[in-house]
Amino acid sequence: MVPGARQASLAFLHLYTSLFKEPQGIEVCVRSALPVGAGLGSSASYSVCIAAGLLALNGYVKMPKMSNTAYDATELKLVNDWAFVSEKVIHGNPSGVDNAVSTYGGAMLYTNGKMEPLNGFKSIQFILTDTCVPKNTKAQVENVRIRRVQFGPILDPLMDSMQGISNTCKDLFGALEQSDITLSDVLTGMEELVDMNHCILAACGVSHPSLERIRQLTARYGLRSKLTGAGGGGCALTLLRDDTGVDLIEKVKSELRAESFRCFETSVGCHGVRWASLPLDSKDWMDHWKHFVENRNVDWNILSNI
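Going by the numbering used here, the residue at position 135 of the sequence shown is 680; the numbering climbs one at a time, nothing skipped.
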C-alpha cells in the first residue's frame with residue numbers, strides 16, 4: 546500500500562459524506578508526480594484536488610467548460626477551507642500553509658497563524674532532491690517540542706531567528722517590487738538565507754546525514770541547499786540562479802543520483818488549483834499523463850508502476 550493511503554482514503558470519505566447530499570457512485574483516480582511523505586506537501590495537493598472535485602460535482606463551485614480554467618476568489622476560499630478539513634484528517638493539527646499555497650499558488654507568508662501573499666515574489670528555480678529516506682512529520686514536530694522544553698533558552702532565540710529570515714525574505718521581494726534592487730540581488734540574499742535557515746533547523750535537531758550530504762555535494766559547485774518540510778530525511782532544495790549553466794546543473798544531478806538520490810528540476814511560484822478536462826478513453830488518458838510527467842523530468846517508469 547502507498548504510504549499514507551489509509552489517511553488519504555479517510556480524508557476523501559469525510560469530504561464525500563460531508564458534501565454529498567445523497568449517496569452517489571463515483572469513480573476517482575488519483576495520480577501524483579510528487580514523492581509521498583517527503584515534505585513536499587503532497588497531501589495538501591491531494592486535499593485541494595479532492596476538495597475542488599467534490600465541490601464541483603455537488604455544484605458548490607462551477608465546473609468550467611474550458612480546460613485550465615481558474616476559480617474566482619470566493620470559490621478558491623471554499624476549496625481551501627475544505628482542503629484544510631482534509632489536511633486535519635490526514636495530519637491532525639496542520640498549519641494550513643501547504644493547502645493554502647496549493648490552492649492559491651504563488652508564495653505566502655505565515656506568521657502567528659496568519660497568511661498573506663508575498664508581494665513582489667518571482668518564480669525561483671530549484672533542484673529538488675529526494676533522499677529516499679522516509680520521515681515522519683509528527684515525530685519530528687514532537688522531537689522539536691521536547692528539545693524546546695529541555696533547551697528553551699537556546700531554541701527559543703533560534704525560532705525568533707527563523708522569523709527574522711522570513712522577514713528579510715519579505716523585505717527583499719518588497720524591494721524588488723519597488724525596483725530598488727534586481728532579481729540577482731534577491732538571489733544573492735536568498736543564498737545566504739538558505740544557508741542560515743538550514744543551519745538553524747539542524748541546530749533544532751531536524752536534519753539528517755543524507756541532507757547534509759546533499760549540502761556537501763552541491764556546495765562544491767557554489768550552490769546552496771537546505772532541507773524542506775519537517776526534515777529527518779525527505780527532500781532538500783538547491784537554489785539555482787538564472788545564470789546557472791545547464792552543464793553544471795546536469796553534473797550536480799549526476800553526482801546526486803550516484804548517491805542513490807532522486808533529482809528533479811522544478812520551480813516555486815506557479816499558479817494554484819486549476820480545472821483540466823482529460824480524454825475519456827483509457828489509452829488516451831495514460832498517454833496524456835505520460836506526456837505530463839515526462840515534461841517535468843519525472844521518471845515515467847517509476848510512476849507507471851505505482
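Just so you know, even glycine gets a beta-carbon here, dropped at the ideal spot from N, CA and C.
Just so it is clear, the structure is predicted and the values come from calculations on it, not from any experiment.
Could you check where the alpha helix (DSSP H) with residue i kicks off and where it finishes?
i	result
K683	682-695
E620	618-636
R551	550-564
C594	587-602
V642	642-649
With burial defined as no fewer than 16 other Cβ atoms inside 10 Å of the residue's Cβ, what is the status of residue i: buried or exposed?
i	result
N644	buried
S849	For S849, the predicted structure reports a pLDDT of 41, less than 50, and the residue's modelled location is therefore unreliable. The matter cannot be settled from this model.
R802	exposed
K622	exposed
R765	exposed
I672	buried
I699	exposed
Let's see if you can read the secondary structure: which residues bound the beta strand (DSSP E) around residue i?
i	result
F671	669-675
T811	807-813
Y655	653-656
P662	659-662
With residue i and residue j assumed to form a contact (beta carbons below 8 Å), what rounded beta-carbon distance in angstroms separates them?
i	j	result
I759	L738	Going by Cβ atoms, the distance from I759 to L738 rounds to 18 Å, so no, they are not a contact pair.
G777	K680	4 Å
T676	A781	7 Å
A589	V686	Not confirmed; about 16 Å, so no contact.
Cβ of residue i within 7 Å of any heavy atom in the ligand SAH?
i	result
F809	With respect to small molecules bound, the structure shown includes none, and the ligand SAH cannot be examined in it.
Inset, instruction - Please go through the segment 735-800 and give each complete alpha helix (DSSP H) segment of 4 or more residues, from N-terminal end onward. - result: Whole alpha helix (DSSP H) segments, 4+ residues: 754-764.
Legend entry - At least 3 beta-carbon pairs within less than 8 Å: the segment 655-667 vs the segment 586-603: No: the two stretches stay apart, fewer than three of their Cβ pairs being nearer than 8 Å.
Inset, instruction - Evaluate contact between the segment 621-630 and the segment 559-579, counting only Cβ atoms and requiring at least three cross-stretch pairs below 8 Å. - result: Yes, the segment 621-630 touches the segment 559-579.
Inset, instruction - Please determine if the segment 748-758 and the segment 549-557 are in contact, where contact requires at least 3 C-beta pairs separated by less than 8 Å. - result: The segment 748-758 vs the segment 549-557: no contact.
Inset, instruction - Taking 8 Å as the threshold, find out whether the segment 710-725 comes into contact with the segment 803-814 through three or more Cβ pairs. - result: Taking a contact to require three or more Cβ pairs closer than 8 Å, the segment 710-725 and the segment 803-814 do not qualify as touching.
Inset, instruction - Tell me, please, whether the segment 808-818 touches the segment 645-664 by the rule of three or more beta-carbon pairs shorter than 8 Å. - result: The segment 808-818 vs the segment 645-664: in contact.
Legend entry - Segment contact, 8 Å Cβ cut-off, at least three pairs: the segment 647-660 with the segment 568-583: The answer is no - the segment 568-583 does not touch the segment 647-660, with fewer than three Cβ pairs under 8 Å.
Inset, instruction - Report yes or no: do the segment 759-774 and the segment 726-733 share at least 3 C-beta pairs separated by less than 8 Å? - result: Touching, no, given that fewer than three Cβ pairs across the two stretches are closer than 8 Å.
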